[in-house]
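Novice: Got a structure here, written out as structure tokens. Questions coming.
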Amino acid sequence: MAGRKGFSTTAIHHGDPEGNDIIAPIYQTAIFKHPGGKQIRGRDLKYSREDNPTVNLLEKKMAALEGGEDCLAFSSGMAAISTLLLCQTRSGDTIVTSKEIYGATLILMRSLDKFGIKVKCVLNDRIKEEIDEKTKLVFVESITNPTLNVPDLKGIAEVCRNKGATLVVDNTFATPINLRPIEVGADYVIHSATKYLCGHNDAIAGILVGPKDGIGALWEWRRNLGGNLDPFAAFLVIRGLKTLKLRLSEQNCKAQEIAEFLEGHAKVKRVHYPGLASSPSHKRAKELMSGFGGVVSFELKDMASALRFLGGLEIIKTAPSLGGAETLITHPASSSHKNISPEERAELGITDGLLRLSVGLEDKEDLFEDLEKGLAKS
Ligand SMILES: Cc1ncc(COP(=O)(O)O)c(C=O)c1O
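This is the structure we're talking about:
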């Protein structure tokens with residue numbers, strides 16, 4: 004598609020193959036034949052672990068939506084992250100990572116010392132001072148999980164540039180609707196496409212956007228590690244992208260209203276949401292983002308009240324993940340962060356009464372009623 008088009012137009016039409024199909028087909032094939040006598044070169048279609056036209060279409064759309072040169076799609080967000088780490092680092096390198104990141108990413112980072120890679124895990128506010136000439140890669144999430152803080156992306160990108168480090172931003176919570184990290188200086192953008200990009204809680208997928216030469220090297224690692232995306236899952240994510248802007252517009256608005264409602268409720272001790280003036284990230288989020296996302300975290304008195312709250316809900320389901328049509332809630336201290344020591348949980352602001360709510364697409368009135376029911380039981 005020629006020229007720079009709007010987000011939804013790009014998501015719906017960019018990269019579509021020529022021909023009569025309105026909906027690009029699913030290439031449900033493991034292999035591709037090639038004309039006899041013709042030598043296969045580079046990324047000529049051969050085997051779907053390497054390339055597949057349905058997956059390639061998703062990659063074209065995501066590169067355009069994140070404003071990057073190229074993209075690879077993976078079988079999960081973790082496949083994207085692990086492939087990037089294995090490709091980009093070697094023994095003797097140092098990684099600086101935020102410790103305010105998804106639990107599995109943090110565990111993976113911490114296991115890299117067996118390959119001789121030093122990993123410094125620090126809170127977002129200390130990242131800039133930890134980066135030096137020896138730093139190979141810096142990893143942050145654009146909105147942290149579950150306390151929803153926004154790091155100083157512009158400042159971190161500037162230090163990375165000065166010290167020659169590669170900046171990787173996991174943009175899963177913000178999505179390119181609310182923030183495009185490459186525009187503020189990131190080198191690579193990662194997504195758990197399982198979340199908002201797919202948007203329907205029915206596929207597991209990962210996305211990695213970055214510069215052409217870097218993605219070329221990563222393609223070699225993806226095909227050898229085998230973390231390529233399945234074409235049917237790619238089709239589902241492509242379908243999800245078409246409504247991403249619509250969904251996020253609604254989720255941004257509803258999450259803001261829910262955050263304000265919870266902040267005013269006598270049973271709620273504290274609300275974490277970058278769209279609230281009370282958030283320590285509010286000023287920075289306003290500068291960097293066009294919306295504050297669909298996830299709201301809030302604290303009840305203690306673990307017992309949090310568990311009673313969950314027991315009082317009818318529509319909102321307790322389940323991991325976020326970004327889909329269904330409103331989901333988690334209790335991080337007993338689920339995603341239960342294997343982290345109580346001291347580290349305290350450092351990360353994960354109290355026993357903390358709950359993380361992913362606002363879905365149900366009618367607002369029904370969600371408020373359900374929250375009221377939970378709070379009455381809490
Ligand atoms: C911010 C973030 N990054 C990465 C991942 C990993 O993605 P996946 O579950 O698709 O492997 C998750 C999963 O919850 C996540 O929340």
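Take the sequence shown: its letter number 126 is residue 129 in my numbering, and every next letter is one higher. C-beta: ideal position from N, C-alpha, C; glycine also. Model, not experiment: these values are computed from the prediction.
1. Within 8 angstroms, do at least three Cβ pairs link the region 274-294 to the region 228-241?
2. Should Pro-345 be labelled buried (16 or more other beta-carbon atoms within 10 Å of its own) or exposed?
3. DSSP three-state label for Leu-126, please.
4. For His-340, count the other beta carbons within 10 Å of its own beta carbon; 16 or more makes it buried, fewer makes it exposed. Which is it?
5. Measure the CB-CB distance between Lys-198 and Gly-294 and report whether it falls below 9 angstroms.
6. Could you pull out every residue in the same chain whose Cβ sits closer than 6 angstroms to the Cβ of Glu-350, ignoring the five residues on either side in sequence?
7. Just to confirm, does Glu-144 get its C-beta within under 8 angstroms of one of the non-hydrogen atoms of ligand 3?
8. Measuring only from the beta carbon, is Phe-176 closer than 8 angstroms to any heavy atom that is part of ligand 1?
9. Using the three-state DSSP reduction, which class does Asp-366 fall into: helix, strand or coil?
10. DSSP state of Glu-302, grouped into three classes?
11. Give the DSSP bridge partners of Arg-359, in chain order.
12. Verify whether the separation of the beta carbon atoms of Ile-104 and Lys-121 is less than 9 angstroms.
13. What number of angstroms, rounded off, separates the C-alpha of Gly-119 from the C-alpha of Arg-93?
14. For my contact list, Glu-72 and Lys-215 are in at a C-beta cut-off of 8 angstroms; report their separation, rounded to the angstrom.
15. To the nearest angstrom, report how far apart Arg-348 and Met-306 are at their CA atoms.
16. Please name the residue in Cys-163, Ser-308, Leu-357 whose C-alpha comes closest to that of Leu-151.
17. Residues in the same chain with beta-carbon distance under 7 angstroms from Cys-90, minus the five sequence neighbours each way, listed in chain order, please.
18. In chain order, what residues of the same chain lie with their CB nearer than 6 angstroms to the CB of Val-299, ignoring the 5 residues before and after it?
19. Quick check: is any heavy atom of ligand 1 less than 8 angstroms from the C-beta of Tyr-173?
Specialist: The relevant details are as follows:
1. A contact is defined here as three or more CB-CB pairs under 8 angstroms, and the region 228-241 fails this definition with respect to the region 274-294.
2. By one-based count along the sequence shown, residue 345 stands at place 342. Flag for Pro-345 reads exposed.
3. Position 123 of the sequence shown holds residue 126. Coil at Leu-126, not helix or strand.
4. Position 337 of the sequence shown, counted from the first residue, corresponds to residue 340. It counts as buried.
5. Position 195 of the sequence shown, counting from 1, holds the residue named residue 198. Position 291 of the sequence shown, counting from 1, holds the residue named residue 294. The Cβ atoms of Lys-198 and Gly-294 do not sit closer than 9 angstroms to each other.
6. One-based indexing of the sequence shown puts residue 350 at position 347. Contacts found: none.
7. This structure simply doesn't include ligand 3; it includes ligand 1 instead.
8. For the purposes of this step, residue 176 is identified with residue 173 of the sequence shown, where counting begins at 1. For Phe-176, the shortest C-beta to heavy atom distance toward ligand 1 is below 8 angstroms.
9. On the sequence shown, position 363 is the one that residue 366 refers to. Look at Asp-366 here: in three-state DSSP terms it is coil, with no helix or strand label.
10. The residue you call residue 302 lines up with position 299 of the sequence shown. The answer is strand: DSSP assigns Glu-302 an E or B state.
11. In the sequence shown, residue 359 corresponds to position 356, counting from 1. Arg-359 pairs with Ser-300, Thr-333.
12. As a position in the sequence shown, residue 104 is number 101, starting the count at 1. As a position in the sequence shown, residue 121 is number 118, starting the count at 1. No, the pair does not count as a contact, with Cβ atoms beyond the cut-off.
13. Taking the first residue of the sequence shown as position 1, residue 119 is located at position 116. Taking the first residue of the sequence shown as position 1, residue 93 is located at position 90. One C-alpha to the other measures close to 8 angstroms.
14. For the purposes of this step, residue 72 is identified with residue 69 of the sequence shown, where counting begins at 1. For the purposes of this step, residue 215 is identified with residue 212 of the sequence shown, where counting begins at 1. Yes, they are in contact, since the Cβ atoms of Glu-72 and Lys-215 sit about 4 angstroms apart, within 8 angstroms.
15. Mapped onto the sequence shown, residue 348 falls at position 345. Mapped onto the sequence shown, residue 306 falls at position 303. In this model, Arg-348 and Met-306 are separated by some 14 angstroms (Cα to Cα).
16. Your numbering for residue 151 matches position 148 in the sequence shown. Nearest C-alpha to Leu-151 among Cys-163, Ser-308, Leu-357: Leu-357.
17. Taking the first residue of the sequence shown as position 1, residue 90 is located at position 87. Annotation for Cys-90: Ala-220, Leu-221, Trp-224 place their beta carbon closer than 7 angstroms to its own, counting only its chain and skipping 5 residues before and after.
18. Counting from 1 along the sequence shown, the entry for residue 299 is found at position 296. Here the set comprises Ala-258, Ile-261, Ala-262, Tyr-276, Leu-360.
19. Numbered from 1 along the sequence shown, position 170 holds the residue referred to as residue 173. Just to set this straight, residue 173 is Asp in the shown sequence, not Tyr. Yes, ligand 1 has a heavy atom inside 8 angstroms of this Cβ.
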